[in-house]
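Student: In the UniProt record's numbering, the protein residues as written are 1 to 244. This is the structure I want to talk about, given as structure tokens.
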Ligand code: ADP
Ligand code: MG
């Protein structure tokens, strides 16, 4: 398997606060990597470094063999097209319909013919279970529905990798599964994914590799079986015991 993403010796500080320390990992095509760990451990910062929403780090992040930190403006735009990002806060455009939210960026960047972009958006809405909401406005949707639109919006760019940063943390509990089920389907369809989540049963099901991040370091890592059943790392066990 070829690696889509490689992270080597990544260090990142905010002032005197070093929040990522010697991070090393790879993501192979089709692989699902799940990041877990206590709040403040550096998970969001790590994801943000991958698409260069954070700069001024040392070490190397490569995407499809290209150095993310050295990409020029055009290369960076291409790179961000290939990495879909779904945040905890979905931030849909309130004055646009669901369909317009999904087609906006692909139309602007002209990734395809307009009619093809629209047809793809309709397919994606069906895929996330919202075929009947194309003409609705975001404020008329539940949080779970809005997050599924945000996933469709990211997929509309035809990304190679999807990054999720706690996509269900802001949702009412009864909506969490609708979003996780969309993500499970995406995983089953072969998408390469990096997911930050506190949903441990989802992580167990989906992860090929789990990274436990604590105080800026990857403190433990391995298969889902290893992390959830076999590890002897006291920090991992303590963290999981609190959640499960
Ligand atoms: P997690 O996502 O695991 O909760 P974060 O990556 O958000 O962790 O945060 C890691 C550390 O970096 C925390 O100590 C946080 O306060 C700090 N941090 C994150 N973003 C910034 C920022 N823009 N400026 C200063 N410190 C930050
Ligand atoms: Mg975070």
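Every residue, glycine too, gets a C-beta built ideally from N, C-alpha and C.
Under the assumption that residue 4 contacts residue 208 (Cβ atoms under 8 Å), give the Cβ distance between them as a whole number of angstroms.
Tutor: Within the chain shown, the letter at position 4 stands for residue 4. Within the chain shown, the letter at position 208 stands for residue 208. So it is not a contact: roughly 13 Å between Cβ atoms.
Student: Candidates 73, 130, 27, 90: which alpha carbon is nearest residue 178's?
Tutor: Along the chain shown, one-based indexing puts residue 178 at 178. Comparing Cα-Cα distances from residue 178 to each of 73, 130, 27, 90, the minimum goes to 130.
Student: Using the rule of at least 16 other Cβ atoms within 10 Å of the residue's Cβ for burial, across every protein chain shown, is residue 37 buried or exposed?
Tutor: As a working note, residue 37 is residue 37 in the chain shown. By the 10 Å Cβ count, residue 37 comes out buried.
Student: Counting Cβ pairs closer than 8 Å, one from the segment 197 to 206 and one from the segment 108 to 126, do we hit at least three?
Tutor: The answer is no - the segment 108 to 126 does not touch the segment 197 to 206, with fewer than three Cβ pairs under 8 Å.
Student: Is it a yes or a no for the segment 143 to 163 touching the segment 74 to 93, going by three-plus beta-carbon pairs under 8 Å?
Tutor: The segment 143 to 163 vs the segment 74 to 93: in contact.
Student: Give me the Cα-Cα distance between residue 56 and residue 132, rounded to the nearest whole angstrom.
Tutor: Here residue 56 refers to the residue found at position 56 when the chain shown is read from its first residue. Here residue 132 refers to the residue found at position 132 when the chain shown is read from its first residue. Spanning the two alpha carbons is a distance of roughly 44 Å.
Student: Using three-state DSSP, classify residue 231 as helix, strand or coil.
Tutor: Your numbering for residue 231 matches position 231 in the chain shown. Correct three-state label for residue 231: coil.
Student: Could you check whether the segment 138 to 151 touches the segment 61 to 74, counting it as contact only if at least three pairs of C-beta atoms, one from each stretch, sit closer than 8 Å?
Tutor: Too few Cβ pairs lie closer than 8 Å, so no.
Student: Give a yes or no on contact between the segment 162 to 171 and the segment 40 to 53, applying the rule of three or more CB pairs nearer than 8 Å.
Tutor: With the cut-off at 8 Å, the segment 162 to 171 and the segment 40 to 53 touch.
Student: Do you know how far the Cα of residue 191 is from the Cα of residue 152?
Tutor: For this step, residue 152 is matched to residue 152 along the chain shown. For this step, residue 191 is matched to residue 191 along the chain shown. Straight-line Cα distance between these residues: approximately 13 Å.
Student: Thinking residue 206 and residue 150 are a contact (beta carbons under 8 Å), I'd like their distance in whole angstroms, please.
Tutor: Your numbering for residue 206 matches position 206 in the chain shown. Your numbering for residue 150 matches position 150 in the chain shown. At roughly 19 Å, the Cβ-Cβ gap does not stay under 8 Å, so residue 206 and residue 150 are not in contact.
Student: Is residue 44 close to the ligand ADP? I mean its beta-carbon at under 7 Å from any heavy atom of the ligand.
Tutor: Counted from its first residue, the chain shown places residue 44 at position 44. Within the cutoff, so yes.
Student: Just checking residue 39 against the ligand ADP - is the residue's beta carbon closer than 7 Å to any of the ligand's heavy atoms?
Tutor: Position 39 of the chain shown, counted from the start, is the residue given in the question as residue 39. True, at least one ligand heavy atom lies under 7 Å from that Cβ.
Student: Is it right to say residue 58 is buried, meaning 16 or more other beta carbons lie within 10 angstroms of its own, or is it exposed?
Tutor: As a working mapping, residue 58 is identified with position 58 in the chain shown. Per the 10 Å Cβ criterion, exposed.
Student: I'd like the list of long-range same chain contacts for residue 239, defined as Cβ closer than 8 Å, with 5 residues on each side in sequence excluded.
Tutor: Against the chain shown, residue 239 aligns to sequence position 239. Cβ within range, chain order: 36, 37, 38, 212, 214.
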